[in-house]
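Trainee: Using our numbering, you'd call the opening residue of the sequence shown number 510 and step up by one each time. Beta carbons: idealized from backbone N, C-alpha and C, even for Gly.
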Amino acid sequence: MARDAGTAREYVLEKLQECPAEVVDMVRRCDPASSMWTMTKVWYRPPWQVALGGFQRRGGAAVTVAGDAMHVMGPFIGQGGSAALEDAVVLARSLSLPSRTTDTVVPNSAGGVELQAGEMGGAIGRYVRERRLRVLRLSLESFTMGTLLRTKSAMGKLVCAVVMALLGTRSRRHADYDCGSLLSSTILLLDHSINSVNYSNSLNKSRACEYVIM
Numbered sequence: 510m511a512r513d514a515g516t517a518r519e520y521v522l523e524k525l526q527e528c529p530a531e532v533v534d535m536v537r538r539c540d541p542a543s544s545m546w547t548m549t550k551v552w553y554r555p556p557w558q559v560a561l562g563g564f565q566r567r568g569g570a571a572v573t574v575a576g577d578a579m580h581v582m583g584p585f586i587g588q589g590g591s592a593a594l595e596d597a598v599v600l601a602r603s604l605s606l607p608s609r610t611t612d613t614v615v616p617n618s619a620g621g622v623e624l625q626a627g628e629m630g631g632a633i634g635r636y637v638r639e640r641r642l643r644v645l646r647l648s649l650e651s652f653t654m655g656t657l658l659r660t661k662s663a664m665g666k667l668v669c670a671v672v673m674a675l676l677g678t679r680s681r682r683h684a685d686y687d688c689g690s691l692l693s694s695t696i697l698l699l700d701h702s703i704n705s706v707n708y709s710n711s712l713n714k715s716r717a718c719e720y721v722i723m
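1) Could you check what DSSP says for T678 in three-state terms: helix, strand or coil?
2) Quick check on C539: buried or exposed, where buried means 16 or more other Cβ atoms within 10 Å of its Cβ?
3) Tell me whether G677 is buried or exposed, calling it buried when 16 or more other Cβ atoms sit within 10 Å of its Cβ.
4) Where does T573 sit, in a helix, a strand or coil, going by DSSP?
5) Taking just the CA atoms, how far does T653 sit from M723?
6) Secondary structure at Q558, three-state DSSP: helix, strand or coil?
7) If we ignore side chains and look at the alpha-carbon of each, how far apart do Q526 and V671 end up?
8) Would you kindly work out how many angstroms separate the C-alpha atoms of C688 and S680, rounded to a whole number?
9) When the Cα atoms are used, what is the spatial distance from K643 to R554?
10) State the Cα-Cα distance for the pair G630 and R537, rounded to the nearest angstrom.
11) Roughly how many angstroms lie between the CA atoms of H683 and P529, to the nearest whole one?
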């Protein structure tokens, strides 16, 4: 991949030849010096990185990743988007289940409680532990399928076939996977000023649980 801004823009314009003129013109008018033209090779996170990766900042910090940032994988099993939605459900559920000890939970004026950063770290740790095995399996299956399609080695194809057989061949296993549901007891709202989470006492199951990770 070329990293020169001018070359990068020409490359993009070449790929957009069949797009509407407005799109092509927008790209052509962009400043070549802009950082948007920085180009890097797209890569997928291999299974061993999913197995060993640190998805929470050291020290139990209240920072984590989800979706492609956690388990970007090839499109070979069509589960990347579904896994990201599962991440959202599990993360929201984990954040709504603090170990409510008296030294971390403080009442607020809205009638709820405030979850301090340390408690958020514990909740995120639960999320990472719950998701790791699931996304590892998905990553391994996608990686194996991609390798099977690319490799020309008979031995490589045999190894991939064995791995796929061990992972299982039931066609509906991904569609039938249940990551659980959101709890009906809390709405999570991020308090930017004190880096805490406010809990309210009601959530209709038909409403979405909105959250922001700083």
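Mentor: Let's see:
1) For the purposes of this step, residue 678 is taken as residue 169 along the sequence shown, with counting starting at 1. Here T678 sits in coil by DSSP.
2) Against the sequence shown, residue 539 aligns to sequence position 30. Note on C539: under 16 other CB atoms within 10 angstroms of its CB, so exposed under the neighbour-count rule.
3) Here the question's residue 677 lines up with position 168 in the sequence shown. Exposed: under 16 other Cβ atoms inside 10 Å.
4) As a working mapping, residue 573 is identified with position 64 in the sequence shown. The answer is strand: DSSP assigns T573 an E or B state.
5) If you number the sequence shown from 1, residue 723 lands on position 214. If you number the sequence shown from 1, residue 653 lands on position 144. With a pLDDT of only 32 at M723, under 50, the local geometry of the prediction cannot be trusted, and the value read off the model is given with reservation. Whole-angstrom Cα-Cα distance: 34 Å.
6) Position 49 of the sequence shown, counted from the first residue, corresponds to residue 558. Helix.
7) As a working note, residue 526 is residue 17 in the sequence shown. As a working note, residue 671 is residue 162 in the sequence shown. Those two C-alpha atoms are separated by around 43 Å.
8) On the sequence shown, position 179 is the one that residue 688 refers to. On the sequence shown, position 171 is the one that residue 680 refers to. Each residue's alpha carbon lies about 18 Å from the other.
9) By 1-based counting over the sequence shown, the position of residue 643 is 134. By 1-based counting over the sequence shown, the position of residue 554 is 45. The question names Lys, but residue 643 is Arg in the sequence shown. Each residue's Cα considered, the two are about 15 Å apart.
10) Your numbering for residue 630 matches position 121 in the sequence shown. Your numbering for residue 537 matches position 28 in the sequence shown. Computed Cα separation, rounded: 45 Å.
11) The count along the sequence shown starts at 1 and reaches residue 683 at position 174. The count along the sequence shown starts at 1 and reaches residue 529 at position 20. About 37 Å.
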